[in-house]
Every structure is written in C-alpha cells, then in structure tokens.
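Protein chains in written order, with our numbering: chain F, 1 to 116; chain U, 117 to 231.
Even glycine gets a Cβ: it sits at the ideal position worked out from N, Cα and C.
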Amino acid sequence: GAVVSQHPSRVICKSGTSVKIECRSLDFQATTMFWYRQFPKQSLMLMATSNEGSKATYEQGVEKDKFLINHASLTLSTLTVTSAHPEDSSFYICSASLGDHSSPLHFGNGTRLTVT
Amino acid sequence: AQSVAQPEDQVNVAEGNPLTVKCTYSVSGNPYLFWYVQYPNRGLQFLLKYITGDNLVKGSYGFEAEFNKSQTSFHLKKPSALVSDSALYFCAVRDYYSSASKIIFGSGTRLSIRP
Chain F
1 GAVVSQHPSR
11 VICKSGTSVK
21 IECRSLDFQA
31 TTMFWYRQFP
41 KQSLMLMATS
51 NEGSKATYEQ
61 GVEKDKFLIN
71 HASLTLSTLT
81 VTSAHPEDSS
91 FYICSASLGD
101 HSSPLHFGNG
111 TRLTVT
Chain U
117 AQSVAQPEDQ
127 VNVAEGNPLT
137 VKCTYSVSGN
147 PYLFWYVQYP
157 NRGLQFLLKY
167 ITGDNLVKGS
177 YGFEAEFNKS
187 QTSFHLKKPS
197 ALVSDSALYF
207 CAVRDYYSSA
217 SKIIFGSGTR
227 LSIRP
C-alpha cells in the first residue's frame with residue numbers, strides 16, 4: 001500500500017514554456033503532499049507543502065508564481081513550472097504522508113525536467 | 117531548529133562485510149528518525165524509522181539502525197552487504213513535539229558495495 005504515482009517521469013521543454021507535473025496517491029488520501037527538488041549529488045530541497053483545498057506553503061526562496069502548486073483533491077497535487085528556464089532543469093520529487101508525524105513519507109519516482 | 121548530518125559522502129564496503137552509514141541529528145524535543153534509500157532516477161524508498169521504544173530498529177532488506185540518545189545518532193547498519201545495496205541513503209529527522217515541523221533530510225551518503 002501507500003503508492004505515490006508521479007507523472008511524467010521525464011520531460012524536455014523549451015525555454016519560456018510551462019510544464020505540469022502530477023502527483024497522485026493511488027491507494028490512500030493525502031491531505032498534505034510535499035514537493036522537493038534535487039540537484040545532482042545533493043540532498044532534497046523542500047520547495048513547498050501542498051495542502052488539499054488551500055494554498056500551498058512555500059519555503060523561503062522558492063518563487064510561488066513560478067512554481068504553481070494545486071492540490072485540488074485528496075489524491076492529486078500538481079506542480080507547474082511556468083516560463084521555464086534552463087536553470088529550472090532538475091529532478092522534482094513529490095511525496096505524501098499517510099497520517100501523523102510518526103508516519104514516513106511515501107515518494108513518487110520523480111520527474112527529470114530538462115529545459116533547453 | 118532541527119538538523120541532520122551525514123558526515124560521509126561515500127562509503128565503500130566489500131560484499132559480505134558489515135556496513136555502517138552514519139547519521140547524527142539535532143532537535144529541540146524528541147526526534148522521529150527515518151532512513152530512506154534512493155536508486156538512480158527514482159524517488160526515495162522508506163527503509164525504517166525510530167519513534168519510541170527499543171533503540172534497535174529493524175527495517176527492509178535486512179537493514180537496521182540504532183538510536184543513541186546520548187550521542188544523538190541514528191546509524192544505519194547491515195551485517196552483510198550485498199552489491200544490490202549500492203545506492204544513495206538519506207537520514208531524516210522530524211521534531212516530535214512540533215506540529216509544524218517538517219521532515220529534514222541529511223545530505224545523503226552514497227554506498228558502494230564491491231563484489
């Protein structure tokens with residue numbers, strides 16, 4: 001159980017275009033999902049906390065107008081990278097928790113974004 | 117503020133030998149501690165966690181970790197390494213008492229098991 005599906009796994013787009021990444025909890029409801037960014041050979045950087053039915057909470061330094069997060073249902077959160085630039089190229093990973101603070105996070109398989 | 121440190125970027129072990137991946141943490145209250153493994157171009161997979169109780173926690177794939185409160189450590193261990201254990205390992209911590217606390221990840225340790 002506790003499967004998180006992330007789509008697409010890989011995307012290449014041109015500078016200036018927008019890209020949407022979907023994160024779905026397949027067999028559980030997730031009131032909260034988390035979006036991370038991972039640079040090569042580096043740890044995960046929390047970008048934002050996505051809350052179902054309300055606005056996302058962004059970490060300091062993350063541009064909320066550039067990284068749009070929508071959590072329209074208990075099983076779906078989306079991250080849209082708007083007006084993408086080559087420096088946005090990265091590995092983006094979503095995760096969700098089953099319950100309280102003692103519950104581990106369950107991760108999607110990530111999305112490799114390349115902006116040309 | 118909470119933090120977690122993985123002092124080793126890389127750990128190299130021969131197959132069949134025991135392995136240890138180190139992790140130390142800092143939280144203001146009591147910690148929830150986690151270990152995750154990441155294979156290339158994949159998300160993280162949960163290995164094990166410490167919440168309370170027995171200091172030795174057993175998890176997936178034969179891994180275990182020992183919580184040491186006095187040393188604020190939560191080292192990952194396995195008695196006999198396999199080549200398939202080669203991956204990137206992350207330690208993570210969350211503050212038990214803070215409802216607003218987030219899970220903070222260490223910088224990761226790349227484990228390489230040679231045949």
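Aspartate 27(F) in three-state terms, based on DSSP = coil
Which whole-angstrom value describes the C-beta separation of serine 142(U) and threonine 188(U), a residue pair presumed to lie in contact below a C-beta threshold of 8 Å?
-> 6 Å
C-beta contact flag for serine 90(F) and isoleucine 69(F) at 8 Å | no
Residues within the region 84-112 of chain F neighbouring chain U, beta-carbon criterion of under 9 Å = Phe91, Ile93, Cys94, Ser95, Ser97, His101, Ser102, Ser103, Pro104, Leu105, His106, Phe107, Gly108, Asn109, Gly110 and Arg112
Span of the beta strand (DSSP E) around asparagine 70(F) = 67-73
Under 8 Å, do threonine 114(F) and isoleucine 21(F) count as touching if we go by C-beta distance?
-> no
Separation of phenylalanine 39(F) from asparagine 109(F), as counted between CA atoms = 15 Å
Taking asparagine 157(U) as the query, report the chain F residues whose CB atoms sit under 9 Å from its CB, ordered along the chain.
-> Ser9, Arg10, Phe91, Asn109, Gly110 and Arg112
Classify arginine 24(F) as buried or exposed, calling it buried when 16 or more other Cβ atoms lie within 10 Å of its own Cβ.
-> buried
Tell me, which residues are paired with lysine 193(U) by DSSP?
-> Thr136(U) and Glu180(U)
Output yes if chain U places a C-beta closer than 8 Å to the C-beta of serine 77(F); else output no.
-> no
Hey, lysine 194(U) and leucine 135(U): beta-carbon distance below 8 Å or not?
-> yes
Of the choices Leu163(U), Gly132(U), Cys139(U) and Lys185(U), whose alpha-carbon is the least far from that of glycine 145(U)?
-> Lys185(U)
Start-to-end residues for the beta strand (DSSP E) that takes in arginine 226(U) = 225-230
Could you tell me the distance, in whole angstroms, from the CA atom of cysteine 139(U) to the CA atom of leucine 192(U)?
-> 8 Å
Compare the C-beta of tyrosine 177(U) with all C-beta atoms of chain F and state if any pair is closer than 8 Å.
-> no
Classify valine 100(F) as helix, strand or coil using the three-state DSSP reduction.
-> Per the sequence shown, the amino acid found at residue 100(F) is aspartate instead of valine. In the structure shown, aspartate 100(F) sits in coil (DSSP, three-state: anything other than H, G, I, E or B).
Between the Cα of tyrosine 166(U) and the Cα atoms of Pro104(F), His7(F) and Ala72(F), which residue gives the shortest distance?
-> Pro104(F)
Under 9 Å between beta-carbons, which chain F residues line up against glycine 169(U)? List them in chain order, please.
-> Chain F residues near glycine 169(U): none, gap ~11 Å exceeds 9 Å.
Who are the neighbours of leucine 46(F) on chain U, taking C-beta pairs under 7 Å?
-> Lys218
Since phenylalanine 162(U) and tyrosine 177(U) are thought to touch, with beta carbons under 8 Å apart, how far apart are those beta carbons, to the nearest angstrom?
-> So it is not a contact: roughly 11 Å between Cβ atoms.
Identified DSSP bridge partners for asparagine 51(F) = Thr32(F)
Short CB-CB distance (under 8 Å) between serine 15(F) and chain U = no
So which residues of chain U does serine 43(F) contact, with C-beta pairs closer than 9 Å?
-> Gln122, Phe206, Phe221, Gly222, Ser223 and Gly224
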